[in-house]
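First up is the structure itself, then whatever we jot down about it.
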Amino acid sequence: MRGNRFTESLDPNEKNITFSLIAVFALWYDVFFPQVTYMGRLFQAESSPLTIDSPLYTILFGWLQSWNFALGVIALLMLIGVGGLAIRFNGNFAYIKVRTILPAVFFCVIGSILFSHTFTLGTVLMVLLMGLLYANFYLAETFNPICAFNGGMLIATMTLLSPWCVLLCIPTLIFYYSTSVLNARTFLGALFGFIVPLLYATLYFVVTNDIETLTNYFIEGFKFFVFKYDLDDIEMCYLAFLGGTTAWAIGNFLVDNTHDNIKSRKQNTHIINLFLWMLALMIIAVPDAKNLLHPLTLLWGLLLGRFFSVNSSKLSYILFFAFFGVSLLTYVLPHFL
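Under the working numbering, think of the first position of the sequence shown as 731, with each following residue one higher.
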């Protein structure tokens, strides 16, 4: 698809963005017509209860839980906002060598199907991960330690919302090393950034004489094979289709280096590493696996968006349109079953 009319027709122009926004609003119609409720089916609250709550999320956003309509609207606006940032992300760093809206489109379509259409902790993690990607890629370009500080602070904040996110330090440091920005200044900057949110959170719970809430959160959070998935045949088929497509996309990236320079290959390798780390946490069913779906889907969109933007084989064309057909069926069928 590189350099052909099809790719050129998917650039971030006004017509494509307007059409995409209309499609997203249509997929989230239940937010505006609650009497006809459609919620993301993968993790229904009543069938797969969350086994751990973040005290930081409760403090910051607990007051929102009584605003049912507002929760849906906020979640929709954040999905659209992150999709817009994904488009801008490629414009800033050119990790895909063509101008395209595909990463945002894949992210919004998959998210609209799998997310519960309401504001959740996972929504916040999704936004923070987008910020982490910006911080990491800016660091690789500018060598400015403040970007490492921002990255460390974002990972620590994600950890306070989802304990296993602390492991994102590993692919982040690998990216720093691969891009030759890992030195004493950037390491210390990232370390100080990581300490700041944890320090303030600890001080808050000490002052409020509620430190046990924070310690119990981490004790209960660092377990695995705890979360229970409740998937039906439709969900299994859709995830199997996405899984096969993703495996092909990653394999294609590993064996084909004709579409990338060294910089973009390192950027895409970082996105794939983050995706695989996040996917592994969901596979081992950590207590807050439900929250990790949102940031995983963001990485999913970036990964698939890049794949379909640079491949022009017949099979990739077929799979591209099959994705939208399968996604539409997955979205519509539950209404009739």
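Beta carbons are placed, not taken as given, at the ideal position from N, Cα and C, and that holds for glycine.
As the structure is a prediction and not an experimental result, all values here were calculated from the model.
Test item: CB-CB of residue i and residue j under 8 Å
i, j, result
"Asn1021", "Gly852", "yes"
"Leu1045", "Phe1005", "no"
"Ile840", "Trp1030", "yes"
"Ile804", "Phe763", "no"
"Trp758", "Leu832", "no"
"Gly923", "Phe873", "no"
"Ala816", "Ser750", "no"
"Leu801", "Leu794", "yes"
"Leu844", "Leu1023", "yes"
"His1000", "Pro875", "no"
"Gly881", "Ala920", "yes"
"Phe971", "Val1062", "no"
"Met888", "Leu1028", "no"
"Thr976", "Leu1049", "no"
"His847", "Val761", "yes"
"Asn982", "Phe1051", "no"
"Asn1003", "Ile941", "no"
"Leu869", "Val911", "yes"
"Gly973", "Trp894", "no"
"Thr1060", "Tyr968", "yes"
"Pro927", "Ala865", "no"
Helix, strand or coil at residue i according to DSSP, with G and I counted as helix
i, result
"Pro1017", "coil"
"Ala824", "coil"
"Asp960", "coil"
"Lys993", "helix"
"Thr976", "helix"
"Asn874", "coil"
"Ser1043", "coil"
"Asn982", "helix"
"Val761", "helix"
"Phe1037", "helix"
"Trp797", "coil"
"Ile782", "coil"
"His1065", "helix"
"Phe849", "coil"
"Ser1057", "helix"
"Val911", "coil"
"Arg829", "coil"
"Phe1005", "helix"
"Leu807", "helix"
"Leu1028", "helix"
"Gln774", "Low local confidence applies: a pLDDT of 48 at Gln774 is under 50, so the model's placement there is unreliable, and no value is given."
Candidates the options: closest to residue i by CA position
i, options, result
"Ile782", "Tyr906, Tyr947 and Val803", "Tyr947"
"Val1016", "Leu786, Leu903, Phe954 and Pro893", "Phe954"
"Lys993", "Ala824, Phe957 and Val926", "Ala824"
"Val754", "Cys838, Asp986 and Leu862", "Cys838"
"Phe867", "Gln997, Leu1011, Trp793 and Tyr934", "Gln997"
"Gly792", "Leu969, Leu891 and Phe922", "Leu891"
"Glu871", "Ile843, Leu844, Ser908 and Thr887", "Ser908"
"Leu884", "Ile904, Lys745 and Met860", "Met860"
"Ile789", "Ala1052, Tyr1061 and Leu944", "Leu944"
"Arg829", "Pro742, Ser910, Pro875 and Ile900", "Pro742"
"Gly813", "Val1040, Val1056 and Gly1035", "Gly1035"
"Leu863", "Cys899, Phe845 and Asp940", "Cys899"
"Met1012", "Met966, Lys958 and Leu1063", "Lys958"
"Ile949", "Val936, Asp1018 and Tyr968", "Asp1018"
"Ser1039", "Leu1009, Asp990 and Ile1014", "Asp990"
"Ile826", "Leu1009, Asn1041, Leu961 and Ala886", "Asn1041"
"Leu961", "Val936, Pro1064, Phe1053 and Leu740", "Pro1064"
Boundaries (first-last residue) of the alpha helix (DSSP H) holding residue i
i, result
"Phe749", "Glu744 to Leu757"
"Asn946", "Ile941 to Gly951"
"Leu929", "Ala914 to Val937"
"Cys900", "Note that residue 900 corresponds to Ile in the displayed sequence, not to Cys. Segment Cys899 to Ser908, the alpha helix (DSSP H) holding Ile900."
"Thr788", "Pro785 to Phe791"
"Val835", "Leu832 to Leu844"
is_contact[residue i, chain C] using C-beta, thresh 8 Å
i, result
"Leu972", "Looking for chain C here will not work: only one protein chain is present."
Any non-hydrogen atom of the ligand MG within 7 Å of residue i CB
i, result
"Leu851", "In the structure shown, the ligand MG is absent, as is every other ligand, since no ligand is present at all."
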